[in-house]
Amino acid sequence: MKNVFDILSERGFIEQVTHEEELREQLGKESTTFYIGFDATADSLHVGHFVQIMVMSHMQKAGHRPIALIGGGTTMVGDPSGKTDMRKMLTIEEIQANGEAFKKQFSKFLDFSEGKALMVNNADWLLNLEYIPFLREIGVHFTVNRMLSAEAFKSRMDRGLSFIEFNYMIMQAYDFLQLHRRVDCKLQMGGNDQWSNIIAGVDLCRRVDSATVYGMTFKLLTTSEGIKMGKTESGAIWLDPEKTSPYDFYQYWRNVNDADVKNCLSLLTFLPMEEVNKLGGLEGSEINKAKEILAFEVTRLVHGEEEAKKAEVAAKLLFGDFSGDADVPSSELSSKELGEGLDIISLLQKTQLISSRGEGRRLIQQGGIYINDQRVEDIYQNITLEDFADNSLMIRKGKKIYHKVILI
RNA sequence: GGAGGGAUUUCCGAGUGGUUAAAGGGGGCAGACUGUAAAUCUGUUGGCGAACGCCUUCGAAGGUUCAAAUCCUUCUCCCUCCA
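Structure follows, in structure tokens:
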């Protein structure tokens, strides 16, 4: 069987490793417990986290044991790594609720049966720490000089770094030590922005317990221009279907840049590398095929086969020449609300396709609104029963935002 | 604790009494081109209104003035230097 280190390396995950040769050997030799931490800063995981989940999944398939660490304790402090501003403080209730949401989502991606994977929360050991004993046991092993030289703090040196955030690195290092002691965790992985925090943990384990543990970071998911992926104008791409619908999720991947297709296929799907290379090498409009596969595969992993198919069918119907009933975001309208007819702008407002009437007017004046594929020319156009076929009407905003209105 | 600097629309950032819903850029949205791509170009980008216009906005609250983002007072927050 192939060493999972080579798999990760071949697929382009790996950015930095503490002891490359030794770690590779370790992973080839025995089942290894490793962890990735997730701070509970939102009520759902997003695409950035998904890369980490993919790594955990690859590792688990190779017989290693993942620990998903939920940062119920560290989130109380706030990780300054790579951030220009201090994060807003979350209340303990918010953090707990977020942690619960994460927990549910992890269960979909990893096999937690029979101890094949663990889920822990660092609130369990961080929240009740006593300041002085902690300083004496752990704090002595850190020099401020060294900490200050960490890349993670660079962006904060001119803007200011509060003491609470400065402590984050120590918290995370302590996590590693705890996991090493509790469940023999030998490896911490994470996004490359975590490198400073990870080596702090590796060092701490060595100093305190004379233990050899490893660290590895992955490439952050960025576009070929270096912009973080998984963000859109309306925010992150979430894994929670309530926050990002499977259709929108599919569309996001369907529309990635040509240059990013190969990277996404390799990081976000389990397709064999020969196929990834083949698809990634397609040129011109041919690459749309690769994008369809990418979108389908990622949607399938996150939302399941059925949702992925629905999204795919909807996309084909809307963008192809077929006609039929597409499963796109929709809203309902009662015949009472419709009455004798409803003006187009009010209808747009009801569907939340626009945020103000002025925006709607502008949109129509610029030719960006279509009803049943007919461009709307008149901002006063009245929508009546006649516009509904089979009790439904399709609104299109711009080139690719569709919304169905169902008459009830 | 002392001295100085700052807070502007979604973000950055100009603006020091009326011509300012506020330059410029980023971002967003739409159009053209295309491959449901990128790049490019064009338009647009506080709310209500067809429009004249009206309303809300320049950290907060007061005040001066016919008129304030711009002047005064107090307050809040941030930064820099000194202790």
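Heads up, the first sequence is in numbering that gives the first Met the number 0, so the first residue is 0 and it goes up one at a time. Even for Gly, the Cβ is constructed at its ideal location relative to N, Cα and C.
Check, Outcome
"Skipping 5 residues on each side, what residues in its chain have a beta carbon closer than 7 Å to that of alanine 41?", "Asn97"
"What's the call for valine 139, buried or exposed, on a 16-neighbour Cβ count within 10 Å?", "exposed"
"Between isoleucine 52 and the rest of its own chain, which residues show a CB-CB distance below 6 Å, the 5 nearest in sequence each way excluded?", "Phe108"
"Buried or exposed: which applies to asparagine 371, given that a residue is buried once 16 or more other Cβ atoms fall within 10 Å of its Cβ?", "exposed"
"Around the C-beta of lysine 290, are 16 or more other C-beta atoms found within 10 angstroms, so that it is buried, or is it exposed?", "buried"
"Quick check: the stretch 303-322 against the stretch 255-262, are at least 3 beta-carbon pairs closer than 8 Å?", "no"
"Among Phe162, Gln95, Ala122 and Pro240, which residue has its Cα nearest to the Cα of valine 46?", "Pro240"
"Cutting at 6 Å between CB atoms, please list the residues of its own chain near valine 423, excluding the five before and the five after it.", "Limits of the chain in this structure are 0 at one end and 407 at the other, which puts residue 423 out of reach."
"First and last residue of the beta strand (DSSP E) that includes alanine 67?", "64-69"
"Would you kindly work out how many angstroms separate the C-alpha atoms of glycine 70 and glutamine 187, rounded to a whole number?", "14 Å"
"Are there three or more Cβ pairs, one per stretch, closer than 8 Å when the stretch 116-135 is compared with the stretch 58-76?", "yes"
"Looking only at C-alpha atoms, which of Leu352, Ala310 and Leu332 sits nearest to asparagine 390?", "Leu332"
"Out of Gln104, Thr383 and Arg180, state which residue places its alpha-carbon closest to the alpha-carbon of leucine 203.", "Arg180"
"Looking at lysine 261 and the ligand ADP, is the gap between the Cβ and the nearest heavy atom below 7 Å?", "The ligand ADP is not among the ligands present in this structure, which contains no ligands whatsoever."
"Please give the ranges of any alpha helix (DSSP H) in the stretch 97-151, keeping only runs that are unbroken, at least 4 residues long and fully inside the region.", "122-125, 130-136 and 143-147"
"Apart from the five residues just before and just after isoleucine 292, which ones in its own chain have a Cβ nearer than 7 Å to its Cβ?", "Leu278"
"Report all residues from its chain with a CB closer than 6 Å to the CB of alanine 149; omit the five preceding and five following residues, and keep chain order.", "Ser195"
"Give the DSSP-derived three-state secondary structure of glutamine 51 in the structure shown.", "helix"
"Mind checking phenylalanine 162: buried by the 16 CB within 10 Å criterion, or exposed?", "exposed"
"Roughly how many angstroms lie between the CA atoms of threonine 112 and lysine 103, to the nearest whole one?", "The sequence as given places serine at residue 112; threonine does not occur at that position. The alpha-carbon atoms of serine 112 and lysine 103 are separated by roughly 14 Å."
"Going by DSSP, what residues sit across from arginine 360 in a beta bridge?", "In the DSSP output, where bridge partners are listed per residue, arginine 360 has none listed."
"Within its chain, find whatever has a CB closer than 6 Å to the CB of glutamate 393; leave out the 5 residues flanking it on each side and keep chain order.", "In the sequence under discussion, the amino acid at residue 393 is methionine, which differs from the glutamate named in the question. These residues qualify, in order along the chain: Asn371 and Lys403."
"I believe threonine 350 touches serine 330 by the beta-carbon criterion, under 8 Å. Please report the beta-carbon distance rounded to the nearest angstrom.", "5 Å"
"What would DSSP say about threonine 329, mapped onto helix, strand or coil?", "First, the amino acid is wrong: residue 329 is serine here, not threonine. If DSSP states are grouped into helix, strand and coil, serine 329 belongs with the strands."
"Nearest to leucine 270 by alpha carbon, out of Gln365, Asn2, His57 and Gln177?", "His57"
"In chain order, what residues of the same chain have a beta carbon less than 6 Å from the beta carbon of asparagine 144, not counting five sequence neighbours either side?", "none"
"Tell me whether asparagine 276 sits in a helix, a strand or coil according to DSSP, three-state version.", "helix"
"Which first and last residues belong to the beta strand (DSSP E) in which serine 334 is found?", "Note, serine 334: premise wrong, no beta strand (DSSP E); alpha helix (DSSP H) at 334-337."
"Could you check which residue in His48, Phe141 and Gly159 has the C-alpha nearest to that of valine 412?", "A query on residue 412 cannot be resolved here, the shown segment of the chain reaching from 0 to 407 and no further."
"Can you grab the Cα-Cα spacing for the pair threonine 216 / isoleucine 13, in whole Å?", "6 Å"
"Within 10 Å of its beta-carbon, does alanine 151 have 16 or more other beta-carbons around it, so buried, or fewer, so exposed?", "buried"
"Shortest alpha-carbon distance to phenylalanine 295 belongs to which of Ser106, His63 and Ala310?", "Ala310"
"Checking 8 Å against the spacing of the C-beta atoms, do glutamine 348 and arginine 356 come in under that value?", "yes"
"From phenylalanine 175 to cysteine 184, what distance separates their C-alpha atoms?", "8 Å"
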